[in-house]
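Structure record follows, encoded as structure tokens.
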Amino acid sequence: MYSIPRQLAAAIACAALALPLSVLAADEPKKAVAVQKKKPAAKAPQKERVVIQVSDADPQKWNLALNNAKNVQADLGADKTEIEIVAYGPGIGMLKADALIANRIEEAVAAGVKVVACENTMRNLKISRDDMHKNIEYVPAGVVQLMRRQQQGYAYIRP
């Protein structure tokens, strides 16, 4: 008969005892660890954003654009909208201080509508800021402003 050295026998005996203990430990239910989930920060409601192009000198088109802005605010709420009217080309003449619709521009700005004029057009037509309605804003290029606003998710309207 073959005899096993004592050290080897002791190692086998330890392994034989350890195996059932490891099986028992694996079967034991895992203890639940409390994980706190962070609540997402409340987001401010996103405003509906609209950019309106006016590139015609026609007062009827301007009135239509201003009516569009007013109707959007009336329907959705002025505090829930961002409206920007971008004027360039021949449409810029209606932003002059003495234009036929100057009072309507004033009303729109007072209601929170941002009205911007293209400085490229102003330069080409030799119009200065002194000639313009006092409450409007300016952008270097009206067409580029329209592009940027559309890329930022603004709805585009051209009456």
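In terms of mature numbering (1 follows the signal peptide of the UniProt record, and there is no 0), the sequence shown is residues -25 to -1, 1 to 134. Even for Gly, the Cβ is constructed at its ideal location relative to N, Cα and C. Here the structure is a predicted model, which is why all the values come from computation and not from measurement.
Determine whether the beta carbon atoms of residue i and residue j lie at a separation below 9 Å.
i      : j      : result
Ile76  : Cys93  : no
Arg124 : Val26  : yes
Val90  : Glu59  : yes
Val47  : Gly117 : no
Tyr63  : Asn95  : yes
Between the C-alpha atoms of residue i and residue j, what's the straight-line distance to the nearest angstrom?
i           : j      : result
Ala32       : Asp73  : 14 Å
Pro134      : Ala40  : 6 Å
Ile80       : Leu70  : 8 Å
Ala44       : Gln126 : 20 Å
Pro115      : Pro65  : 16 Å
Leu100      : Met107 : 13 Å
residue 137 : Met97  : Any property of residue 137 remains undetermined from this structure, which presents the chain solely from -25 to 134.
Glu82       : Lys18  : 31 Å
Ala53       : Met122 : 24 Å
Gln35       : Asn42  : 10 Å
Gln120      : Tyr113 : 10 Å
Ala86       : Ala49  : 11 Å
Gly128      : Asp105 : 33 Å
Gln21       : Ile132 : 19 Å
Name the DSSP beta bridge partners of residue i, please?
i      : result
Gln28  : Val61
Tyr131 : Val26
For residue i, which residues of its own chain have a beta-carbon under 7 Å away from its beta-carbon, when the five flanking residues on both sides are left out?
i     : result
Val88 : Ala44, Ile58 and Ile60
Sorted by chain position, which residues of the same chain lie with C-beta nearer than 8 Å to residue i's C-beta, five sequence neighbours on each side aside?
i     : result
Val23 : First, the residue type needs correcting, since residue 23 is Glu and not Val in the sequence shown. Within the same chain, Glu23 has close Cβ partners Val47, Leu51, Lys55, Thr56, Glu57 and Ala130.
Asn38 : Ile76 and Arg79
**Item:** Inside the region 69 to 120 only - alpha helix (DSSP H) runs reaching at least 4 residues
**Value:** Annotation note: the region 69 to 120 contains the following uninterrupted alpha helix (DSSP H) runs of length 4 or greater, listed N- to C-terminal: 77 to 85 and 94 to 99.
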